[in-house]
Amino acid sequence: MAITSRDVARLAGVSQPTVSRALRDDPRVSEATKAKVRAAAEQLGYVPSEAGRALSSGRTRRIGLLITDIENQFYTHIIAPVHLQLERLGYQLMLHTETADNDTIVERLIANGLDGVILATTTVDSVVPLRLRDHGLPFVYFNRTTSFVDADATVVEPTAGFEAAVSRAVALGHTRIGAVLGPSNTSTAQSREVALRAALATNGLSLSPDDIRRGPFDTRTGDEATTSLLSQPSPPTLLFCANDVVAYGALNAASRRGVSVPGDLSIVGFDDLPAASWPIIELSTIAYDLTAMAGEAARLITRRIEQPDASVLHVEYETSFVERRTLSSAPLSD
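At position 241 of the sequence shown the residue is numbered 241 (UniProt numbering), and the sequence of numbers has no breaks.
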């Protein structure tokens with residue numbers, strides 16, 4: 001006869017629901033009780049049945065992570081921390097990728113029997129949050145948000161990072177500053193542009209329209225934008241890039257044109273991805289705790305599923321400036 005959670009409950013001296021909560025690391029169960037339940041389960045050789053859990057709770061314990069910008073390197077770095085946090089909480093991660101925010105996404109998510117969704121690539125004009133809300137499927141925003149539907153979110157507050165980066169740039173003599181900005185239909189690009197302009201204004205500087213380029217958060221944007229900016233008679237001496245991936249493209253363009261970084265052109269990214277610190281790159285960048293932010297998104301979606309009436313939480317992650325090789329003094333003018 002198969003061992004059941006009731007057998008574990010009898011051996012541990014707790015109720016059957018407590019066994020279920022303890023084995024999924026529910027914070028409402030004390031650590032002492034969790035240890036007692038786990039010891040009993042190990043002694044009996046009990047393995048929880050996912051199918052049984054779904055039948056008894058009405059949940060599949062599957063969480064979707066929706067990514068539409070599937071070629072962006074940034075998102076590869078959030079999958080592991082989201083998976084690990086969900087696993088600790090007794091849920092499974094289901095990665096859902098689409099090439100565009102189209103009409104079939106929500107139907108596909110619902111058809112996969114998900115308990116909730118983490119939206120990682122939402123645009124400000126996306127209807128996906130509206131449709132998820134109307135279908136009653138819980139979701140949280142990761143990094144990007146939209147004003148259409150208020151929901152739990154983990155976001156970056158870029159102000160402190162830009163203030164520190166611009167202050168350092170000014171101290172190094174930079175006055176002609178350019179920017180390769182992200183797509184205007186994303187909350188991240190909008191908030192970073194606002195923070196950058198404010199930091200420049202504080203130091204008596206501004207962005208000239210001639211020194212601004214925009215595009216998707218990818219290396220091609222950085223490459224093409226930097227090539228264009230460097231073709232000007234008097235190009236900027238410093239580029240702020242929408243993210244590290246864009247900055248990698250900017251570095252490629254500078255190398256191709258024989259422009260020394262940071263001798264002729266300084267470059268600053270955003271995100272502090274692992275590759276930014278590699279000796280071959282050493283990118284100066286604006287940093288925050290991406291791993292913690294991804295894990296928090298996982299915690300928020302499980303909280304929303306288990307406490308549907310809980311108040312909405314917006315968790316902000318502060319930024320700092322990390323100075324590396326790609327920022328130095330402005331070149332002396334002829």
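We put the CB at the ideal spot given by N, CA and C, even for glycine.
DSSP-derived helix/strand/coil call for residue i
i           : result
residue 219 : helix
residue 91  : coil
residue 70  : coil
residue 46  : coil
residue 132 : helix
residue 234 : coil
residue 205 : coil
residue 23  : helix
residue 244 : helix
residue 127 : coil
residue 29  : coil
residue 105 : helix
residue 255 : helix
residue 266 : strand
residue 142 : strand
residue 188 : helix
residue 159 : helix
residue 249 : helix
residue 174 : coil
residue 149 : coil
CA-to-CA distance, residue j to residue i, given in whole angstroms
i           : j           : result
residue 355 : residue 27  : Any answer about residue 355 is impossible in this case: the structure gives the chain only from 1 up to 334.
residue 116 : residue 177 : 43 angstroms
residue 88  : residue 127 : 31 angstroms
residue 179 : residue 207 : 8 angstroms
residue 182 : residue 108 : 28 angstroms
residue 136 : residue 23  : 27 angstroms
residue 134 : residue 106 : 10 angstroms
residue 211 : residue 96  : 37 angstroms
residue 217 : residue 185 : 12 angstroms
residue 205 : residue 232 : 20 angstroms
residue 196 : residue 235 : 19 angstroms
residue 299 : residue 4   : 28 angstroms
residue 20  : residue 13  : 14 angstroms
residue 260 : residue 254 : 7 angstroms
residue 285 : residue 330 : 17 angstroms
residue 275 : residue 287 : 13 angstroms
residue 122 : residue 111 : 20 angstroms
Assumed close pair residue i, residue j - CB separation to whole angstroms, cut-off 8 angstroms
i           : j           : result
residue 209 : residue 319 : Incorrect: roughly 26 angstroms between the Cβ atoms, too far for contact.
residue 129 : residue 291 : About 25 angstroms separates the two Cβ atoms, so there is no contact after all.
residue 360 : residue 326 : This structure cannot settle anything about residue 360, because the visible part of the chain is limited to 1 through 334.
residue 92  : residue 61  : 6 angstroms
residue 120 : residue 70  : Their Cβ separation, rounded to whole angstroms, is 10 angstroms, which puts residue 120 and residue 70 out of contact at 8 angstroms.
residue 169 : residue 238 : 6 angstroms
residue 328 : residue 172 : 7 angstroms
Alpha helix (DSSP H) runs contained entirely in the region 269-329, provided each spans 4 or more residues: 290-306
Touching by the beta-carbon criterion (3+ pairs, under 8 angstroms), the region 238-251 and the region 268-275: yes
Sufficient close CB pairs (3 or more, under 8 angstroms) joining the region 70-77 to the region 34-45: no
Inter-stretch contact at 8 angstroms, needing at least 3 Cβ pairs: the region 138-158 / the region 314-322: yes
Three-pair Cβ contact test at 8 angstroms for the region 246-265 versus the region 184-201: no
Inter-stretch contact at 8 angstroms, needing at least 3 Cβ pairs: the region 256-267 / the region 211-231: yes
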